[in-house]
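Novice:
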Amino acid sequence: MGNNQCSKYFGCGGKKNNYDTIQLNKLKLVGVGAFGRVWAVELVKYTSEKETFTDNDSDDMVYALKELSKPIIIAKEAVNVANNEVKILQDIPNSKFIVNIWYSFQDQKNAYVLMDYAPCGDLLFHMKRIKRRQIKKDEKGGTLTEHQGKFMAMCVLEALRTIHEAGVVHRDIKPENIIIDSNGYPKLADFGIAEFNENISPGSQFGTLSYMAPEIIFDHKYSYTADYYSLGVLILLMVTGDMLSVGGTPKEAKNAISLRNDSITTKKFTKRYPYLSEECCDLIVSLLCTSQHKRIGVTGGVEEILKHEWFEGIEIESIKNQSYVSPIYEICTDQKAIMELTSNDYDRGESTSFWRKKENKAMKMIAKAVDYGNNWESHFTAFDYLNVIFEDEDNPFEKTERVRRHTMSSISKQRNGSLSDIIERDKLRAELSNGNEENPKPRMGLHRISEPKSEQGGKTITPTNERKSIMTEGKLSPDDKVDSEKSPEKSL
1 MGNNQCSKYF GCGGKKNNYD TIQLNKLKLV GVGAFGRVWA VELVKYTSEK
51 ETFTDNDSDD MVYALKELSK PIIIAKEAVN VANNEVKILQ DIPNSKFIVN
101 IWYSFQDQKN AYVLMDYAPC GDLLFHMKRI KRRQIKKDEK GGTLTEHQGK
151 FMAMCVLEAL RTIHEAGVVH RDIKPENIII DSNGYPKLAD FGIAEFNENI
201 SPGSQFGTLS YMAPEIIFDH KYSYTADYYS LGVLILLMVT GDMLSVGGTP
251 KEAKNAISLR NDSITTKKFT KRYPYLSEEC CDLIVSLLCT SQHKRIGVTG
301 GVEEILKHEW FEGIEIESIK NQSYVSPIYE ICTDQKAIME LTSNDYDRGE
351 STSFWRKKEN KAMKMIAKAV DYGNNWESHF TAFDYLNVIF EDEDNPFEKT
401 ERVRRHTMSS ISKQRNGSLS DIIERDKLRA ELSNGNEENP KPRMGLHRIS
451 EPKSEQGGKT ITPTNERKSI MTEGKLSPDD KVDSEKSPEK SL
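Positions 1 to 492 (the UniProt record's numbering) are the ones given, in order, by the sequence shown.
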């Protein structure tokens with residue numbers, strides 16, 4: 001098991017009564033998916049046979065808790081999916097660029113995954129905010145600058161390097177699954193439909209259609225290069241605001257891909273997007289190659305992609321050790337963004353009564369179709385079974401304020417430092433914001449104010465929605481943009 005740090009306080013699942021009791025306080029609903037909900041929670045106390053841990057600093061003990069409904073999971077025959085995500089995360093080595101799992105456990109009704117809470121939300125949230133601002137100002141172009149897109153791509157590639165070396169294909173790279181930490185660095189999240197490369201067989205259609213590689217859509221054998229294709233779609237969206245046109249169903253996607261058939265060349269791409277550099281256009285075209293055998297990265301993996309000319313100007317080592325000044329830091333830590341991100345959203349239709357009705361429907365489906373018996377915990381092998389207690393001592397407003405205080409506290413820790421550090425950091429950020437982005441200076445002479453939690457056995461995650469396969473609900477419209485309500489549609 002590679003990610004043994006998840007057992008620092010709790011354990012890694014698969015044991016019965018390993019710890020007697022875990023006590024949590026739900027603060028805020030922050031995500032909804034096909035199988036359950038995601039909450040920002042405080043860890044109040046956990047008690048084992050040997051020790052008792054009590055939270056003494058609530059601002060430092062806010063986690064994301066993925067609460068998965070057992071009836072819904074069983075009714076949808078997705079028990080293997082729930083177990084698989086936990087097992088994969090346990091086998092992936094610690095990385096600053098990947099979500100960290102702290103503990104997986106269950107009670108009679110739900111399965112839970114406790115993860116670090118990322119205070120700055122996911123990439124999609126910030127792209128939507130930028131797009132709304134662009135529409136208001138009648139500006140055109142991508143939601144991120146080319147330099148910002150380059151930085152994001154390099155970080156995602158570092159995440160892919162780690163999981164691919166562990167033999168895992170993510171299969172669902174998109175803005176919703178990229179979360180931002182308090183230092184402005186992205187992390188790859190949500191491994192609900194990830195799979196070990198050796199277990200992938202032709203016909204395994206998992207993912208979001210708009211980001212899905214042609215070899216998956218055509219039921220061919222596929223591997224790590226499928227993630228590189230999804231990265232190409234992501235870069236295209238970040239720097240242009242456009243998506244590839246693939247239709248609304250796998251059949252329509254096959255037709256669209258057959259018609260396109262690598263007809264998009266760097267020359268055509270540069271002509272369509274004159275504000276992009278030729279190197280950027282060339283990389284996108286190379287990643288979006290229909291044939292996986294000709295796609296960049298097929299022979300040399302992540303290293304081959306990082307050697308592309310577009311990435312010149314940023315030292316990969318400064319990305320790896322996160323000494324490079326994040327060009328999206330100011331965007332993600334903007335106070336208005338944090339206020340919007342942490343605003344109360346309990347009344348969005350995902351209330352307790354809503355989920356009770358959904359679970360009752362699932363129970364009827366189970367009674368008719370599947371005989372799992374009463375011993376449900378035996379099927380959730382990646383989750384320890386223990387007594388789970390949720391406190392409900394504060395009103396929703398106070399809980400939301402606690403989440404907001406934690407968020408601002410995390411960000412302020414990154415902003416503190418010596419006067420010389422702050423002056424140098426602000427100078428570099430000013431140069432980036434003034435358009436001097438193609439040759440940004442590395443973060444020379446600046447020191448990490450506080451080490452990322454991943455150095456101490458943790459990584460950061462923001463709660464995102466459960467994975468939604470194209471085989472179930474949750475299809476993304478293939479022509480979706482980050483703000484489709486107001487922006488004119490463009491697709492390739």
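For glycine and all other residues, C-beta sits at the position ideal for the given N, C-alpha and C.
Because the structure is a prediction, the values reported are computed rather than measured.
Which residue marks the beginning of the alpha helix (DSSP H) containing proline 274, and which one marks its end?
Specialist: Looking at the DSSP string, proline 274 is not in any alpha helix (DSSP H), and its letter there is neither H nor E.
Novice: Identify every residue that forms a DSSP beta bridge with aspartate 384.
Specialist: Bridge partners of aspartate 384: Phe105.
Novice: Between the C-alpha atoms of aspartate 20 and glutamate 309, what's the straight-line distance to the nearest angstrom?
Specialist: Computed Cα separation, rounded: 55 Å.
Novice: Is phenylalanine 218 helix, strand or coil by DSSP?
Specialist: coil
Novice: At 3 residues or longer, and completely inside the segment 88-139: list those beta strand (DSSP E) runs for me, N to C.
Specialist: Restricted to the segment 88-139, the beta strand (DSSP E) segments that are unbroken, complete and at least 3 residues in length are 101-106, 110-116, listed in chain order.
Novice: At the level of alpha carbons, what is the spacing between leucine 27 and serine 182?
Specialist: 19 Å
Novice: If alanine 64 sits next to valine 38, beta carbons under 8 Å apart, how far is it from one beta carbon to the other, in whole angstroms?
Specialist: 6 Å
Novice: What does asparagine 199 pair with, by DSSP beta-bridge criteria?
Specialist: None; asparagine 199 has no bridge partner.
Novice: Can you name the start and end residues of the alpha helix (DSSP H) that arginine 161 belongs to?
Specialist: For arginine 161, the uninterrupted alpha helix (DSSP H) run begins and ends at 146-165, by DSSP.
Novice: Smallest Cα separation from valine 62: which of Ile73, Ile163, Lys70, Ala40?
Specialist: Ala40
Novice: Tell me which residue opens and which closes the alpha helix (DSSP H) that alanine 64 is part of.
Specialist: Here alanine 64 belongs to no alpha helix (DSSP H); instead the beta strand (DSSP E) covers 62-69.
Novice: Skipping 5 residues on each side, what residues in its chain have a beta carbon closer than 6 Å to that of aspartate 334?
Specialist: none
Novice: On a Cα-Cα basis, can you pick out the residue from Lys70, Asp91, Pro93, Ile92 that is closest to alanine 82?
Specialist: With distances taken between Cα atoms, alanine 82 lies closest to Lys70.
Novice: Can you look up lysine 76 in the DSSP assignment and give me helix, strand or coil?
Specialist: coil
Novice: Which residue or residues does DSSP assign as beta-bridge partners of tryptophan 39?
Specialist: Leu29, Leu65
Novice: Quick check: is the beta carbon of leucine 27 nearer than 8 Å to any beta carbon in chain D?
Specialist: In the displayed structure, chain D is absent; only one protein chain is listed.
Novice: Write down the C-beta distance between isoleucine 173 and leucine 231 rounded to the nearest angstrom, noting that I regard them as a contact closer than 8 Å.
Specialist: 6 Å
Novice: Grab me the residues of glutamine 148's own chain with a C-beta within less than 7 Å of its C-beta, minus the 5 sequence neighbours each way, in chain order.
Specialist: Pro327, Ile328
Novice: Just curious, the alpha helix (DSSP H) that isoleucine 257 is in, first and last residue?
Specialist: 250-260
Novice: Alpha carbons only, please: which of His293, Gly36, Phe390 is nearest the one belonging to alanine 75?
Specialist: Gly36
Novice: Considering Cα atoms alone, identify which of Gln108, Leu283, His379 is closest to alanine 153.
Specialist: Among Gln108, Leu283, His379, the Cα nearest to that of alanine 153 is on Leu283.
Novice: Contact check, aspartate 384 vs phenylalanine 105 under 8 Å by CB: the rounded distance?
Specialist: 4 Å
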